[in-house]
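Colleague: Handing you this structure, nothing more for now.
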Amino acid sequence: MSTLEKMKPLGMATPLGILLLFFLCQLSCSQPSEDYSQAICPDGYDFNLERNQCEDRNECETIPDACKGTLKCRNHFGGYMCLPRTAQLFVTTQALTENAFFERVAIEREARPLVPAILPSTQAGIPRPSSNIRPAFFDGPPSSSRSTRLPNLVPSTQAPVAPLVQHGTDLVSSQQITCRAGLLPDATGKCFDIDECADGLHQCRPPHECVNMVGSYSCECPAGFRSYDHHCVDINECHFGYCSHDCINTVGSYYCRCNLGFALTADNLSCVDVDECLGNTPCSQRCFNLYGSFMCRCNSGYELETDQRTCRDVDECSLSRFLCQHECVNEPGAFRCSCPPGYLLHTDTRNCRDVNECDDNLQNCSVGDTCFNINGGYHCIPQLICQAPYTLISENRCVCPSEIPLCQDHAYIVLHKYMQILSDRIAPTDVFQMQATSQYLGAYYTFRISAGNEGGEFMLRQTGPVTAMLVLTRPIKGPREIVLDLEMLTRNMVMNIHGSSIIRLTVFVTSNSF
C-alpha cells in the first residue's frame, strides 16, 4: 500500500463519497493563478519586488535593542555584529567575488535549486513550468558594480542533493501534486516540510548541529564557533574587547577576569572597584580604600611592618635619650617619663621637679634638728654643739675667745654652712663665695682649703682683697657628703697680729644630675 493510499480518509472510496468531495472542492478550492511567483532569499535578506532582487536587511534598525548593554550594533551583509563602543571596523576596498561573498553570507552553505510547490497546468496531473515564476536577484556587496543574479537558494553546509520534486495526488480533484525538494504532499493537497534533523535524514557531522529549515536543513556550528572549510573553528571572543579588564578565551566560549582589587559585575563583563576596607579589613589598624587597591596606616606610636599591613609598636625610648629627664618607659603606641624618689613629674610630662620635703612637712627629722632640703631628698642636721675650747654664740657659730690660752693656736671663729651640688655637675664651675665681714687698716687676707679636699675636687681662687671663690674642679658622682674647711688668714703688719676664721662647708652631692 502506498503512502497516499494510507492517507485515504475512511468512507471516501464510494462513488457518493467522491461526488461529495468534488462538490465541496468546487466551493472551497481554486486553481493557482498563472501569475504565481515566488522568490526565496538567503537569511538576512529580503526580496525587493520593484528591483526584482534580494537586498540586505538592516537588523540594527528592524530589531529593537539588537545589542545589549554597552555594545553597539553594526549592520553586515546577511546579519549584524555587536561590537564594543571603542571597536574600530576596517572595511576593505577590494571587491569580493561572488563565491567569496556568498561564502561569507551563507557560512559556506552549498545551495540547491528549488521548484514551485504547485504548478499551474491546463490538464490535471500534467505539470508544466510557469513563465511567471521570477528568480530572485541577490544584492551583492557594496563593491560590486552590478547585482549578482542568483537562483532561489536554500544554503546548507553539508545538505545532500535531493530530488527536485515530490509527487502526490489530490484526493479531491485527483490532480497531480508536485512539492519542491524537502517537502511532501499530504491528503489535503498541501505540502508539508520534512524535518530532516528530527528524522535523522541529515548529514551533519559533529560538532555541527542540524537546524531544520523549510524544505531543507543547515549544519550550524555551536555557539562560540564559526564555520571554516567545513569545520567548526573556535571564535576568539577576546579580539572584540567585550571585557573591561582581562579576557580569557576558552574552547567555544570566553570569560572575563578583573585585575587585583576589582570584581566582576552582574553582566560578567565590567569590573568595579572592591572596597577592601569594608568588613574584614586587611589592615591591623587603619585602612584607606583606593581605586583598585587599598592603603594601611598606623596610629600614632606605631609603624608598618614590611608586609605593609601589620602595625608594630615604636619604641620611642630607643630613638632618643633626651625624651625624658630621668627615665623613659615604653608603652604600646606611646611612652611615659618617670621620676626617681623625691621628685614629681612636671606638667610637661618630660621633666622632673624636686619635692621639698622640708616645706611640705614630709620629713621625719627629730626635734631640734634642722631639715635641709636637697634635690631628691633632704638631710636632718642636728643641733650644733661646739667642741672645747669653742663656745656656741649662735645656731651655727662657734667662737674661741682670745683670752683663753688654747685659742692662740685655733681659728677665732668657725662658721657652719651647708650646700648641695648636683651629681655629675659640669666642671670647672664656681660653687661658693666667701669674704671677710670687716677690713682693718694694714690687714692682709689670704684664703685656703685647710681640710676635706683630699680628693682634689675643689680649689679656692682669691677674687679680691677680702673675697675668694670655691671652684669645683671636676664632676663628682653622688650621693656623697663632703665637709670642707675654708680658712681665711688675716695678718696685720702694723699691729703685728695674725688670726684666722673658718667656714666649715658641708657639701651634699645629690644622687641625680637634676
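Take the sequence shown: its letters are residues -30 to -1, 1 to 484, numbered as in mature numbering (1 follows the signal peptide of the UniProt record, and there is no 0). Note that the Cβ used here is the ideal one computed from N, Cα and C, for glycine as well.
(1) Taking just the CA atoms, how far does residue 308 sit from residue 386?
(2) By DSSP, does residue 376 sit in helix, in strand, or in coil?
(3) Please name the residue in 240, 303 and 239 whose C-alpha comes closest to that of residue 268.
(4) Out of curiosity, what's the CA-to-CA distance linking residue 455 and residue 272?
(5) For a test of the three-state rule: what should DSSP assign to residue 468, helix, strand or coil?
(6) For residue 306, I'd like the list of residues in its chain whose CB is within less than 6 Å of its CB, leaving aside the five on either flank, ordered along the chain.
(7) Using the C-alpha atoms, what's the distance from residue 329 back to residue 446?
(8) In chain order, what are the residue ranges of uninterrupted alpha helix (DSSP H) at least 4 long that sit wholly in the region 235 to 319?
(9) For residue 14, which residues from the same chain have a beta carbon less than 6 Å from its beta carbon, with the 5 sequence-adjacent residues on both sides left out?
(10) Please classify residue 217: does DSSP put it in a helix, a strand, or coil?
(11) Alpha carbon to alpha carbon, how far is residue 238 from residue 180?
(12) By DSSP, does residue 209 sit in helix, in strand, or in coil?
(13) Less than 6 Å between C-beta atoms, sequence neighbours within five positions excluded: which residues of the same chain meet that for residue 231?
(14) Residue 478: which of 29, 416, 221 and 389 sits nearest, CA to CA?
(15) Cα-Cα, which of 246, 266, 248 and 457 is closest to residue 255?
(16) Among residues of its own chain, excluding the 5 on either side of residue 315, which ones have a beta-carbon nearer than 7 Å to its beta-carbon?
(17) Expressed to the nearest angstrom, what Euclidean distance is found between the alpha-carbon atoms of residue 18 and residue 219?
(18) I'd like the span of the beta strand (DSSP E) that includes residue 226, first residue to last.
(19) Is it right to say residue 178 is buried, meaning 16 or more other beta carbons lie within 10 angstroms of its own, or is it exposed?
(20) For residue 11, does the three-state DSSP call read helix, strand or coil?
(21) If I follow the unbroken alpha helix (DSSP H) through residue 30, where does it start and stop?
(22) By Cβ distance below 8 Å, which residues in the same chain neighbour residue 339 in space, the five residues on each side in sequence not counted?
(23) When the Cα of residue 391 is compared with those of 311, 190, 379 and 441, which residue comes out closest?
(24) Could you spell out the range, first to last residue, of the beta strand (DSSP E) harbouring residue 361?
(25) Rounded to the nearest angstrom, what separates residue 364 and residue 411 at their Cα positions?
(26) From which residue to which residue does the beta strand (DSSP E) around residue 458 run?
(27) I'd like to know if residue 368 contacts chain C, where contact means its C-beta is closer than 8 Å to some C-beta of that chain.
(28) What are the complete beta strand (DSSP E) segments, minimum 3 residues, inside the region 369 to 414?
(29) Measuring only the C-alpha atoms, how far is residue 473 from residue 343?
(30) So what does DSSP say about residue 446, is it helix, strand or coil?
(31) Going by beta carbon distance, what residues of the same chain come within less than 6 Å of residue 223, once the five residues before and after it are set aside?
(32) Buried or exposed: where does residue 463 fall if 16 or more other Cβ atoms within 10 Å of its Cβ makes it buried?
(33) Would you say the region 402 to 418 touches the region 430 to 438, given that touching needs at least three Cβ pairs under 8 Å?
(34) Would residue 435 and residue 481 qualify as a contact pair, given that the criterion is a beta-carbon distance under 8 Å?
(35) Tell me residue 45's beta-bridge partners as DSSP assigns them.
(36) Would DSSP call residue 35 helix, strand or coil?
Modeller: In short:
(1) For the purposes of this step, residue 386 is taken as residue 416 along the sequence shown, with counting starting at 1. For the purposes of this step, residue 308 is taken as residue 338 along the sequence shown, with counting starting at 1. Cα to Cα, the separation comes out at about 36 Å.
(2) The residue you call residue 376 lines up with position 406 of the sequence shown. Three-state result, residue 376: helix.
(3) Along the sequence shown, read from residue 1 onward, the residue named residue 268 stands at position 298. Nearest neighbour of residue 268 by Cα position, chosen from 240, 303 and 239, turns out to be 303.
(4) As a working mapping, residue 455 is identified with position 485 in the sequence shown. As a working mapping, residue 272 is identified with position 302 in the sequence shown. Looking at the two C-alpha atoms, the distance is approximately 57 Å.
(5) Sequence index remark: in the sequence shown, residue 468 carries index 498 (1-based). Residue state, collapsed to three classes: strand.
(6) Counting from 1 along the sequence shown, the entry for residue 306 is found at position 336. So the list reads 299, once near-sequence residues are dropped.
(7) In the sequence shown, counting from the first residue as 1, residue 446 sits at position 476. In the sequence shown, counting from the first residue as 1, residue 329 sits at position 359. Cα to Cα, residue 446 sits roughly 27 Å from residue 329.
(8) At a cut-off of 4 residues, the continuous stretches assigned as alpha helix (DSSP H) that sit fully inside the region 235 to 319 are 286 to 289.
(9) Looking up residue 14 in the sequence shown gives position 44. Beyond the five residues adjoining it in sequence on each side, residue 14 comes within less than 6 Å, by CB distance, of 27, 48 and 49 in the same chain, given in chain order.
(10) Sequence index remark: in the sequence shown, residue 217 carries index 247 (1-based). Looking at residue 217 - three-state DSSP - the assignment turns out to be strand.
(11) If you number the sequence shown from 1, residue 238 lands on position 268. If you number the sequence shown from 1, residue 180 lands on position 210. Straight across, the Cα-Cα distance linking residue 238 with residue 180 is about 30 Å.
(12) Your numbering for residue 209 matches position 239 in the sequence shown. Three-state result, residue 209: helix.
(13) The residue you call residue 231 lines up with position 261 of the sequence shown. Result list for residue 231: 244, 262 and 263, in chain order.
(14) Residue mapping note: residue 478 aligns to position 508 of the sequence shown, counting from 1. Taking only the C-alpha atoms, the option nearest residue 478 is 389.
(15) Position 285 of the sequence shown, counted from the first residue, corresponds to residue 255. The closest CA to that of residue 255, considering only 246, 266, 248 and 457, is found on 266.
(16) For this step, residue 315 is matched to residue 345 along the sequence shown. So the qualifying residues of the chain are 307, 309 and 322.
(17) As a working mapping, residue 18 is identified with position 48 in the sequence shown. As a working mapping, residue 219 is identified with position 249 in the sequence shown. Straight-line Cα distance between these residues: approximately 41 Å.
(18) Indexing the sequence shown from 1 puts residue 226 at position 256. Where residue 226 is concerned, the enclosing beta strand (DSSP E) stretches over 223 to 227.
(19) Taking the first residue of the sequence shown as 1, we reach residue 178 at position 208. Residue environment for residue 178: buried (at least 16 other C-beta atoms within 10 angstroms of its C-beta).
(20) Residue numbering aside, residue 11 sits at position 41 when the sequence shown is read from its first letter. It is coil, neither helix nor strand.
(21) By one-based count along the sequence shown, residue 30 stands at place 60. Residue 30 -> alpha helix (DSSP H) spans 29 to 32.
(22) Looking up residue 339 in the sequence shown gives position 369. In chain order, 350, 351, 352 and 353 place their CB closer than 8 Å to the CB of residue 339, counting only its own chain and leaving out the 5 sequence neighbours on each side.
(23) Taking the first residue of the sequence shown as 1, we reach residue 391 at position 421. Of the candidates 311, 190, 379 and 441, the one whose C-alpha sits nearest the C-alpha of residue 391 is 441.
(24) To locate residue 361, count along the sequence shown from 1; it is residue 391. The continuous beta strand (DSSP E) containing residue 361 extends over residues 361 to 364.
(25) Mapped onto the sequence shown, residue 364 falls at position 394. Mapped onto the sequence shown, residue 411 falls at position 441. In a straight line, the C-alpha of residue 364 is about 28 Å away from that of residue 411.
(26) Taking the first residue of the sequence shown as 1, we reach residue 458 at position 488. Its beta strand (DSSP E) spans residues 450 to 462.
(27) This model lacks chain C altogether, as it is built from one protein chain only.
(28) List check, beta strand (DSSP E) in window: 383 to 391 and 399 to 405.
(29) Taking the first residue of the sequence shown as 1, we reach residue 473 at position 503. Taking the first residue of the sequence shown as 1, we reach residue 343 at position 373. Roughly 20 Å separates the two Cα atoms.
(30) For the purposes of this step, residue 446 is taken as residue 476 along the sequence shown, with counting starting at 1. Secondary structure of residue 446 (DSSP, three-state): coil.
(31) Looking up residue 223 in the sequence shown gives position 253. Excluding residues within five positions, the ones whose Cβ falls inside 6 Å are 194.
(32) If you number the sequence shown from 1, residue 463 lands on position 493. Counting the other CB atoms within 10 Å of its CB gives residue 463 a total below 16, which places it among the exposed residues.
(33) Contact holds: three or more Cβ-Cβ distances are below 8 Å.
(34) In the sequence shown, residue 435 corresponds to position 465, counting from 1. In the sequence shown, residue 481 corresponds to position 511, counting from 1. Residue 435 places its beta carbon 8 Å or farther from that of residue 481.
(35) As a working mapping, residue 45 is identified with position 75 in the sequence shown. Per DSSP, the beta bridge partners of residue 45 are 50.
(36) Here the question's residue 35 lines up with position 65 in the sequence shown. DSSP places residue 35 in the coil class of the three-state scheme, outside both helix and strand.
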